Amino acid sequence: MNKDRSGYRFLGGWRGLRELLPNNLGAFTQVFASLKSYNFRLYFGGQCISLIGTWMQQIAMSWLVFRLTGSVLLLATVTFMAQIPILVATPYMSVFVDRFNRCKLLVLTQSLSMVQALLMALLTLTGLIQVWHIMILSLLIGLINALDNPTRQSFYPSLVPKDKLSNAIALNSAVINGSRLIGPAVGGVLIGLLGEGICFLLNGISYIAVIIALLMMRIAPRRERAVKQKVWEDMRDGFRYVAGNIPIRTLLLLMSAISFFGLPLMTFIPAYVKTILHGESEMLGLLLSCIGVGSFIAALYLAARKSVLGLGKVVMLSGALLGIGLSVMSFVTIPWVAAVLCLPVGFTIIAAVASINTLLQTLSGEDKRGRVMGYMAMSFTGMAPVGSMVLGALEKWIGLQKIILLSGICCFVAALVFEYYRPLVRRHARPIYIEKGIIKEIAIGIDSTEEQQF
């Protein structure tokens, strides 16, 4: 009998799917383990408030642009303006993350973000807002986020003990996606009642919570790295480190593919609601909230896991299932069916992205973490606007439904390619896991045991 059941092995059979479950049912009691840390409790609380405002601003921004222009391409252009600085400027900004106090950097970026939101509110509430205003302010928030994103990701090890790092990252994803449940729903209602401006105003006010939380933290003094090289030399060293590390490089490439093909869905959802589902802002809020529900469940699932072992399988299956979900969604024209499909789409996006984040944090050295997280920000947030622009331009030729189908197929293919290289990635990750005490240095002869390592 031919034992090479490649299709069955890709999905992993029942045993592979079982690896997606937390290590044991008792792990669910550990979901909130990171909240035992005083600093993380402050961070968690501040994020709970601030991110609701962020999601309100996001839905208001998308709706405002589409209301003013009726153009999918301009909708994608505004997203491009907000996120392209992350792709271009993050390698430069991330050098400073490895040099300076990360808590102070976050206070700076959050304060600047508050100013941007209040400017959006002022222009919108006074009726002066134009598309070019939105583009300039989107570019501004993109530049701020080019520093904020790698700083935030590198800040987690300062908030929790090393063994709680993956839990903290997962809980932060839960906050992001829990706020996605509330923010878009409230934002959709407020847009209908009071207009987009009130969403921008409330977002600006919400930044006060996270700024206060950062100022109240008791962070152990971190010795700032002596500056012996020029910024471009640190950038070069960071690139060489990422390019020469097979696990990190492979994970970043997969993240780029998911971002390029999967995340533009978030940009196109207003057009999907308007032109295919024939809905209004309330329907947009519902779909985004359903994505948030799925994402929130994924974050809780990851928080319940006690170890990074097996996350490579989670990444692969999540990418494949995301591709399937998007492909099916491209054929849907019934609102409630689209809402239901948004649940697994949200789950798989966060399961893949948060797992990659955790693996990158685990695999990177402390002195290079800021720059690695900078490349992660480029791959996750920076590639999305490029994908939005390319797919937005193609939409003029082939239509929105075919664009979503193409995105799904490409995500599925990317997961297949990652699965092909996963044994190689596992071999190179194993010495790092041994060095960090994640696995014991023993001879492993059973393939299933090796499979569980990555």
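Mind the numbering: the sequence shown is residues 438 to 891 in this note's numbering, read in order. Note that the Cβ used here is the ideal one computed from N, Cα and C, for glycine as well. Here the structure is a predicted model, which is why all the values come from computation and not from measurement.
Taking buried to mean at least 16 other C-beta atoms within 10 Å of its own C-beta, is residue i buried or exposed?
i: Thr770; result: exposed
i: Thr546; result: buried
i: Arg673; result: exposed
i: Gly802; result: exposed
i: Asp600; result: exposed
i: Tyr396; result: Outside the shown range of the chain (438 to 891) lies residue 396, about which nothing can therefore be said.
i: Phe481; result: buried
i: Asp804; result: exposed
i: Leu793; result: Per the sequence presented here, residue 793 reads as Ile, with Leu not at that position. Per the 10 Å Cβ criterion, buried.
i: Asn461; result: Legend: pLDDT at Asn461 = 49, less than 50; position of this residue unreliable, no value from coordinates given.
i: Lys440; result: Because Lys440 sits at a pLDDT of 44, beneath the cut-off of 50, its placement in the model cannot be relied upon, and the following sentence gives the value as read from the coordinates. By the neighbour-count rule (16 or more Cβ atoms within 10 Å), Lys440 is not buried but exposed.
i: Arg806; result: buried
i: Gly824; result: buried
i: Lys711; result: buried
i: Gly874; result: exposed
i: Arg808; result: buried
i: Glu872; result: exposed
i: Trp773; result: exposed
i: Lys750; result: buried
i: Phe477; result: buried
i: Arg859; result: buried
i: Arg677; result: exposed
Since residue i and residue j are thought to touch, with beta carbons under 8 Å apart, how far apart are those beta carbons, to the nearest angstrom?
i: Met518; j: Ser575; result: 4 Å
i: Val730; j: Gln484; result: About 18 Å separates the two Cβ atoms, so there is no contact after all.
i: Arg894; j: Ser610; result: Not covered by the structure: residue 894. The range shown for the chain is 438 to 891.
i: Leu512; j: Pro707; result: 6 Å
i: Arg539; j: Phe503; result: About 37 Å separates the two Cβ atoms, so there is no contact after all.
i: Thr795; j: Leu748; result: 6 Å
i: Ala788; j: Leu739; result: 7 Å
i: Leu842; j: Ala775; result: In fact, because the Cβ distance is near 14 Å, the residues do not count as touching under 8 Å.
i: Ser487; j: Leu596; result: Actually they do not touch by this definition, with Cβ atoms about 16 Å apart.
i: Ser643; j: Gly507; result: Not quite, the Cβ-Cβ distance comes to about 30 Å (not below 8 Å), so this is no contact.
i: Tyr790; j: Leu778; result: The question names Tyr, but residue 790 is Val in the sequence shown. The Cβ separation is near 19 Å, so there is no contact.
i: Ile571; j: Met498; result: 7 Å
Secondary structure at residue i, three-state DSSP: helix, strand or coil?
i: Gly450; result: With a pLDDT of 48 at Gly450, under the threshold of 50, the modelled position of this residue cannot be trusted; read the value that follows with caution. Note: Gly450 maps to helix in three-state DSSP.
i: Glu856; result: helix
i: His715; result: coil
i: Gly564; result: coil
i: Asp600; result: helix
i: Arg536; result: coil
i: Asn461; result: Since pLDDT at Asn461 reaches only 49, below the 50 mark, its modelled position is unreliable, and the value read off the structure follows with that caveat. Looking at Asn461 - three-state DSSP - the assignment turns out to be coil, as it is neither helix nor strand.
i: Ser792; result: helix
i: Ser844; result: helix
i: Leu505; result: helix
i: Leu746; result: coil
i: Thr770; result: coil
i: Met654; result: coil
i: Gly641; result: helix
i: Val525; result: helix
i: Gly722; result: helix
i: Phe784; result: helix
i: Lys473; result: helix
i: Val515; result: helix
i: Val468; result: coil
i: Gly807; result: helix
i: Ile700; result: Rather than Ile, the amino acid found at residue 700 in this sequence is Leu. Coil, per DSSP.
i: Ser801; result: coil
i: Gly836; result: coil
i: Gly729; result: helix
i: Lys541; result: helix
i: Gly874; result: coil
i: Gly829; result: helix
i: Cys779; result: helix
Quick check: is the beta carbon of residue i nearer than 8 Å to any beta carbon in chain D?
i: Ala519; result: No chain D appears in this structure, which consists of one protein chain only.
Assess, as a yes-or-no matter, whether the region 521 to 535 is touched by the region 568 to 579 under the definition of 3 or more beta carbon pairs within less than 8 Å. yes
Are the region 847 to 856 and the region 687 to 701 touching by the rule of at least three beta carbon pairs closer than 8 Å? Counting Cβ pairs under 8 Å, three or more are found: they touch.
Could you name each continuous alpha helix (DSSP H) segment of 4 residues or more that falls completely within the region 663 to 695, going from the start of the chain to the end? 668 to 681
Just checking, does the region 717 to 735 make contact with the region 766 to 783 on the three C-beta pairs under 8 Å criterion? yes
Is the region 621 to 632 touching the region 753 to 764 in the sense that three or more CB pairs, one from each, lie closer than 8 Å? no
What are the uninterrupted segments assigned as alpha helix (DSSP H) that are 4 or more residues long and contained completely in the region 568 to 636, given in chain order? 568 to 596, 602 to 631
For the region 627 to 638 and the region 560 to 576, state whether three or more C-beta atom pairs, one from each stretch, are separated by less than 8 Å. Taking a contact to require three or more Cβ pairs closer than 8 Å, the region 627 to 638 and the region 560 to 576 qualify as touching.
Evaluate the contact criterion for the region 760 to 769 versus the region 811 to 831: three or more CB pairs, one atom per stretch, below 8 Å. no
Can you confirm whether the region 810 to 820 touches the region 678 to 693 when touching is taken to mean that 3 or more C-beta pairs between the two stretches lie within less than 8 Å? Here the region 678 to 693 lies against the region 810 to 820, with 3 or more beta-carbon pairs under 8 Å apart.
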